[in-house]
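**Student:** Its first residue numbered 89, the sequence shown is counted upward by one per residue in the working numbering.
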Amino acid sequence: MTHAPTQTCAETSPSCPDQERPCGGCPFARKVDDLVLANDALTELNRQLQLAQAKLVQSEKLASIGQLAAGVAHEINNPVGYVFSNFGSLEKYLGDLFRMLAAYEAAEAQLADTPAAASLAQLREEIDLDFLKEDVPTLMDESREGIRRVHKIVQDLKDFSRVDNRQEWEWTDLHKGIDSTLNIVNNEIKYRADVVREYGTLPDVQCLSSEINQVFMNLLVNAAHAIDKERGTIHVRTGAEDGQVWVEIEDDGCGIPAEHLGRVFDPFFTTKPVGKGTGLGLSLSYGIVQKHGGRLDVESAPGKGTRFRVTIPVAQAEASLA
Ligand SMILES: Nc1ncnc2c1ncn2[C@@H]1O[C@H](COP(=O)(O)OP(=O)(O)O)[C@@H](O)[C@H]1O
Ligand SMILES: [Mg+2]
């Protein structure tokens, strides 16, 4: 495309399609420049929209997982409840049966040398009555412990997701939240690291509890993923000062190289293989902590470990509770 220079201008536009014959600031070139600028702005806006959308999708996903978890927890709670209460009755009945059995055994002596005594002795051997008497209480204890654990996990899941009521600012015991979260991610942690809790004294904190739990979960799972030796340690420390509370999660894992440190909160930044990392955990956590008027800080020594610290105010300003 060519165009005649209609006016002269001191500048030469790099966007002029006719570079052979620079036309300076002709109206056409100016329009092209404007369009290029507008296009750049739109591209940037589009990128931001995509990020916002990805965040939304992720939080939608988390919300539906939470909803699912709460639903499942509710469904499991009921049968677990009656199995647990039946256990009490069963234990009592078994105690009675054992007492009855002892009475029969005492009476058995009077049947000596009768065919009934012989068949009783045979049956006793067949079912290995002595072992059975020993094993039944052990099985009962183990089963009760199993049911108690299921009950606890279900309770923790309900606490964790709290989707039964709309997400609201509420005064929360953060230690309870951390403990529930630890219980839920236990599977991710227990084969890799020991968790050492060094809790200070915390006041109740005004927060969106399930979102804050989400932050703890992301930090704990990241800490567990970072352990690159046989077995590591994750310290969870808490404290309060000057109207703020802090929670620190420190691991002795691989650490974060200096060149990555500034990028870990970026959406989609991950060093994990596809399927294991989305790169959204820290960026979401950052957003949640910010929403609480707090800070999320990181310190890391490559090869030695990493410490994340969440600091949030005890109480929220009236305006941010809307
Ligand atoms: N405790 C940690 N130790 C070492 N690296 C970490 C730790 N936490 C986060 N990172 C780094 O930050 C990246 C981003 O973390 P995150 O946003 O949670 O996404 P993801 O865990 O899905 O990769 C991780 O891929 C990892 O490289
Ligand atoms: Mg993560």
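Glycine included, every Cβ here is placed at the ideal spot set by N, Cα and C.
Does residue 389 come out as helix, strand or coil in the three-state DSSP assignment?
**Tutor:** For the purposes of this step, residue 389 is taken as residue 301 along the sequence shown, with counting starting at 1. Reduced to three states, the DSSP call for residue 389 is strand.
**Student:** Relative to the C-alpha of residue 323, which residue among 203, 389, 393, 298 is closest?
**Tutor:** What you label residue 323 is simply residue 235 of the sequence shown in a count that begins at 1. Closest by alpha carbon: 393.
**Student:** Measuring straight from C-alpha to C-alpha, what distance separates residue 325 and residue 397?
**Tutor:** For this step, residue 325 is matched to residue 237 along the sequence shown. For this step, residue 397 is matched to residue 309 along the sequence shown. Using only the alpha carbons, I get a separation of about 9 Å.
**Student:** Just checking, does the segment 288-296 make contact with the segment 340-355 on the three C-beta pairs under 8 Å criterion?
**Tutor:** no
**Student:** Quick check: what's the CA-CA separation for residue 315 versus residue 177?
**Tutor:** Position 227 of the sequence shown, counting from 1, holds the residue named residue 315. Position 89 of the sequence shown, counting from 1, holds the residue named residue 177. Rounded to the nearest angstrom, the two C-alpha atoms are 46 Å apart.
**Student:** Is the distance from the Cβ of residue 65 to the Cβ of residue 142 below 9 Å?
**Tutor:** Absent from the model: residue 65. The displayed extent of the chain is 89 to 410, so no value can be given.
**Student:** Can you determine whether any heavy atom of ligand 2 sits closer than 8 Å to the C-beta of residue 220, and answer yes or no?
**Tutor:** Here residue 220 refers to the residue found at position 132 when the sequence shown is read from its first residue. Incorrect: residue 220 has no Cβ contact closer than 8 Å to ligand 2.
**Student:** Measuring alpha carbon to alpha carbon, tell me which of 259, 306, 368, 260 ends up nearest residue 272.
**Tutor:** As a working mapping, residue 272 is identified with position 184 in the sequence shown. Looking at the Cα atoms, 306 is the closest of the given residues.
**Student:** Within the same chain, show all residues whose beta-carbon is closer than 6 Å to that of residue 161, passing over the 5 residues directly before and after it, in chain order.
**Tutor:** As a first step, residue 161 must be located in the sequence shown, where it is residue number 73. Excluding positions up to five away in sequence, the list reads 242, 245, 246.
**Student:** With residue 332 as the anchor, note down where its beta strand (DSSP E) starts and where it stops.
**Tutor:** Stepping through the sequence shown from its first residue, residue 332 is reached at position 244. Start and end: 332-339.
**Student:** Alpha carbon to alpha carbon, how far is residue 343 from residue 253? Give it in angstroms, no decimals.
**Tutor:** Here the question's residue 253 lines up with position 165 in the sequence shown. Here the question's residue 343 lines up with position 255 in the sequence shown. Because the pLDDT at residue 253 is just 48, under 50, the model does not fix this residue reliably, and the point stays unresolved.
**Student:** With hydrogens ignored, establish whether the beta-carbon of residue 139 is closer than 8 Å to any heavy atom of ligand 1.
**Tutor:** What you label residue 139 is simply residue 51 of the sequence shown in a count that begins at 1. Residue 139 Cβ: outside cutoff for every heavy atom of ligand 1.
**Student:** In terms of alpha-carbon separation, which member of 298, 123, 128 lies closest to residue 259?
**Tutor:** Indexing the sequence shown from 1 puts residue 259 at position 171. By alpha-carbon distance to residue 259, the top candidate from 298, 123, 128 is 298.
**Student:** Quick one: what does DSSP say residue 216 is sitting in, helix, strand or coil?
**Tutor:** The residue labelled residue 216 in the question sits at position 128 within the sequence shown. Residue 216: coil per DSSP, three-state reduction.
**Student:** Pick helix, strand or coil for residue 396, following the three-state DSSP scheme.
**Tutor:** Reading the sequence shown from its first residue, position 308 is the one you call residue 396. Looking at residue 396 - three-state DSSP - the assignment turns out to be strand.
**Student:** Using alpha carbons as the reference points, say which of 239, 234, 302, 171 lies closest to residue 372.
**Tutor:** One-based indexing of the sequence shown puts residue 372 at position 284. Restricting attention to 239, 234, 302, 171, the CA atom closest to the CA of residue 372 is found in 302.
**Student:** Suppose only complete runs of 3+ residues qualify. What are the beta strand (DSSP E) ranges in the segment 224-305, listed by chain order?
**Tutor:** 257-260, 281-286, 293-296
**Student:** Can you name, in chain order, every residue of its own chain whose Cβ lies under 6 Å from the Cβ of residue 175, other than the five neighbours on each side?
**Tutor:** Looking up residue 175 in the sequence shown gives position 87. Hits under 6 Å: 232.
**Student:** Near residue 327, what residues of its chain come up, given a Cβ to Cβ distance below 6 Å and the 5 sequence neighbours on each side ignored?
**Tutor:** Taking the first residue of the sequence shown as position 1, residue 327 is located at position 239. Taken in chain order, the residues that qualify are 288, 334.
**Student:** Under the criterion of a Cβ to heavy atom distance below 8 Å, does residue 313 qualify as lining ligand 2?
**Tutor:** On the sequence shown, residue 313 is found 225 positions in, with the first residue counted as 1. Yes, since a heavy atom of ligand 2 falls inside the 8 Å radius drawn around the Cβ of residue 313.
**Student:** Output the distance between the C-alpha atoms of residue 171 and residue 158, rounded to the nearest integer angstrom.
**Tutor:** The residue you call residue 171 lines up with position 83 of the sequence shown. The residue you call residue 158 lines up with position 70 of the sequence shown. For residue 171 and residue 158, the distance between alpha carbons rounds to 20 Å.
**Student:** Could you check which residue in 237, 352, 339, 401 has the C-alpha nearest to that of residue 391?
**Tutor:** The sequence position of residue 391 within the sequence shown is 303, counting from 1. Of 237, 352, 339, 401, the residue nearest in Cα terms is 339.
**Student:** How many whole angstroms separate the CB atoms of residue 265 and residue 310, which I take to be in contact at a CB cut-off of 8 Å?
**Tutor:** For the purposes of this step, residue 265 is taken as residue 177 along the sequence shown, with counting starting at 1. For the purposes of this step, residue 310 is taken as residue 222 along the sequence shown, with counting starting at 1. Contact doesn't hold; Cβ gap of about 17 Å is too wide.
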